[in-house]
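Data first, discussion second: the structure below is written as structure tokens.
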Amino acid sequence: MISDVLIAVFGAMAMVFALLVVVLRQPMRAALALIAHMASLAAIFACLEVHVVALFQILIYVGAVMVFMVYAIMLLDDRDASLAHMFSRWSVPAVIVAAVPVVALGAMLVQWAPSVAPARESALFSFSAFSVAFMTQYWFHFEVASILLVIGIVAAWAVIAERR
Amino acid sequence: MDRYQYLIALAVLMFAIGLAGVAIRRNLMVVVMCVELMLNSVVLAFVVFAARSGTLAGAAMAFFLYIAAACEIAVAMAIVVMLVERRGSLDLAADYELKG
């Protein structure tokens with residue numbers, strides 16, 4: 000099926016760009032690699048027919064979070080000691096620790112036999128279904144999320160006030 | 000390996016790459032980006048499980064994760080700019096006075 004091929008291609012792209020985020024020296028280049036990684040993930044979500052999350056990925060992550068981050072990188076000086084010496088002294092133990100979840104979950108995946116996914120309604124992840132679910136099932140979580148956003152604004156404001 | 004197994008394996012690898020990046024990189028901005036990488040892998044896992052099970056709960060959780068990510072980046076960027084102004088460097092080694 001064509002969506003399987005697209006998922007494989009965009010998955011490979013997401014992996015390459017994730018590696019580039021860690022390996023590239025300049026923060027701006029790493030940020031651009033992260034944007035490409037997020038766009039690849041949005042394409043995977045679209046291939047899975049979860050279009051609402053694909054749109055959120057582009058609007059919120061690429062459109063808001065990463066623009067904010069790129070703006071912060073441009074504010075800061077790029078002639079920095081951390082660019083000359085990119086990696087910490089503890090790189091080898093760190094890579095070993097990072098390999099632990101890969102090995103553990105790799106062992107789990109080997110035991111996870113492929114099975115046929117249950118048939119689902121084609122309109123399950125549509126905007127209307129999502130909106131109705133948020134108005135009926137997740138209304139309380141939605142309100143709590145708005146409180147979290149206010150707390151985020153207040154916290155960022157407090158840090159700025161501390162600078163003064 | 001079906002498409003869901005492939006994507007979950009991808010999410011695990013992405014999380015490991017992000018974790019390694021947080022631990023080995025010295026640049027503060029790149030470390031924040033690696034945290035975002037880990038958050039993205041969690042979103043991918045939620046969406047894959049939602050698509051696999053045919054339920055909306057995973058997609059709704061992804062939406063709440065986006066809100067948490069937006070809050071996190073707003074506070075993190077303010078803290079990064081403040082630290083850089085105080086220390087004059089993006090190097091994590093400059094913040095050696097931080098404890099805990």
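Order-wise, the sequence lines are chains H and B.
Numbering of the first sequence is given in numbering that gives the first Met the number 0, commencing with residue 0 and proceeding in unit increments.
Numbering of the second sequence is given in numbering that gives the first Met the number 0, commencing with residue 0 and proceeding in unit increments.
Beta carbons are placed, not taken as given, at the ideal position from N, Cα and C, and that holds for glycine.
Per DSSP, the unbroken alpha helix (DSSP H) holding B:MET32 starts and ends at 27–52.
With fewer than 16 other Cβ atoms from the protein chains shown falling within 10 Å of its own Cβ, H:VAL131 counts as exposed. For B:VAL74, the enclosing alpha helix (DSSP H) starts and ends at 56–86.
By the rule that beta-carbons nearer than 7 Å mark a contact, B:PHE63 touches chain H. According to the DSSP assignment, B:ARG24 belongs to no alpha helix (DSSP H), since it is labelled neither H nor E.
Residue pairing by DSSP puts H:PHE86 in a beta bridge opposite B:ARG24. A distance below 8 Å between beta-carbons, with the five flanking residues on each side excluded, links H:ALA122 to the following residues of its chain, in chain order: ALA128. Interface annotation, B:ALA58: in contact with chain H, CB-CB separation under 7 Å. With respect to the C-alpha of H:HIS36, the residue from B:SER52, B:ASN26, B:ALA56 and B:MET13 having the closest C-alpha is B:MET13. Classified as buried, H:TYR60 has 16 or more neighbouring CB atoms from the shown chains inside 10 Å of its CB.
When the beta-carbon positions are compared, B:ALA92 and H:ALA155 stay at least 7 Å from each other. Within a 10 Å sphere around the beta-carbon of H:PHE16 sit 16 or more other beta-carbons, which makes this residue buried. DSSP, reduced to helix, strand and coil, places B:ASP1 outside both helices and strands of the structure shown, so it counts as coil. 7 Å or more divides the Cβ of H:ALA53 from the Cβ of H:ALA63. Contact annotation: in the stretch 134–149 of chain H, residues whose CB is within less than 7 Å of a CB in chain B are TYR137, HIS140, ALA144, LEU147 and LEU148. Between the C-alpha atoms of B:GLY87 and B:ALA19 there is a straight-line separation of about 26 Å. Contact annotation: the stretch 24–31 of chain B touches the stretch 17–35 of chain H, with at least three C-beta pairs closer than 8 Å.
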